Amino acid sequence: MSRAQEAGGPCGQPPTPGDLAAVHGQLGREPRGVVEVAHRCPCGDPDVVRTAPRLPDGTPFPTSFYATCPRLTGAVSTLESEGVMKDMQARLADDADLASRYALAHEDYLRRRAELAEVPEIAGVSAGGMPSRVKCLHVLVAHSLAAGPGVNPLGDEAIELLPRWWEHPCRRRET
């Protein structure tokens, strides 16, 4: 079983009021444009949401998969600060197979966003630096958790490097 599978699973369900309250508590602000819970932590709360490509105020928003769990985002931030993105970027330049699979992840991201709506201002722009750069591990991890293993190679790799963030008490919403 992969670490992504141990950490919960993709769900693709519309958010309930309780889900939106949990995300509000995780982010410390009102969530914007959430159309789906893309992945759930084993505790049951969302840890990745799928966001509309155009926010309610009309702003184009290319980040379709958004990590919300503070433990997850903190762990990913630690990886970023340790230089993981720089190493991944160097490997993209030297490994044609990895670069090809990363380009396919970019296409998958664009396809999944287009399922929700076409937004001309962000046409061809995915997120996280795809298809040629590694710019944001949060996006790559969120994409991997939402899509499942095997879709985003660098997101999958980052998940395997993370500590088991879901094993600690979750920051639960007040009921």
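With the working numbering, letter number 144 in the sequence shown gets 717, and the count goes up by one each step, no holes. Beta carbons: idealized from backbone N, C-alpha and C, even for Gly. Bear in mind that the values here come from a model prediction, so they are computed numbers and not experimental data.
C-beta contact flag for residue i and residue j at 7 angstroms
| i | j | result |
| --- | --- | --- |
| V692 | A700 | no |
| P643 | V698 | no |
| I695 | P633 | yes |
| G728 | V707 | no |
| V611 | A719 | As written in the sequence, residue 611 is Ala, which differs from the Val given in the question. Yes. Within cutoff. |
| L710 | V621 | no |
| L734 | L652 | yes |
Through-space distance from residue j to residue i, alpha-carbon basis
| i | j | result |
| --- | --- | --- |
| G721 | R623 | 14 angstroms |
| E688 | V596 | 23 angstroms |
| E740 | C616 | 9 angstroms |
| G601 | R664 | 36 angstroms |
| H679 | G702 | 9 angstroms |
| C614 | L671 | 28 angstroms |
| R686 | A731 | 22 angstroms |
| P587 | P619 | 11 angstroms |
| P626 | P736 | 30 angstroms |
| Y639 | Q599 | 12 angstroms |
| D667 | A594 | 44 angstroms |
| R674 | E609 | 26 angstroms |
| T646 | P604 | 16 angstroms |
| R684 | V607 | 18 angstroms |
| T748 | T641 | Reliability fails at T748, whose pLDDT of 37 lies under 50, so the model's placement of it is uncertain and the value that follows must be treated cautiously. Whole-angstrom Cα-Cα distance: 19 angstroms. |
| R746 | P590 | Low local confidence applies: a pLDDT of 43 at R746 is under 50, so the model's placement there is unreliable, with the coordinate-based value given in what follows. Approximately 12 angstroms, taken between the alpha carbons. |
| S705 | G585 | 27 angstroms |
| A669 | S654 | 26 angstroms |
| W738 | N725 | 20 angstroms |
| M658 | C743 | 27 angstroms |
| Q662 | G631 | 33 angstroms |
Opposing strand residues paired with residue i [DSSP bridges]
| i | result |
| --- | --- |
| A640 | V621 |
| Q586 | V610 |
| P633 | R627 |
Any non-hydrogen atom of the ligand FAD within 6 angstroms of residue i CB
| i | result |
| --- | --- |
| H711 | In the structure shown, the ligand FAD is absent, as is every other ligand, since no ligand is present at all. |
Supposed contact pair residue j and residue i - C-beta distance, whole angstroms, cut 8 angstroms
| i | j | result |
| --- | --- | --- |
| Y682 | S637 | 6 angstroms |
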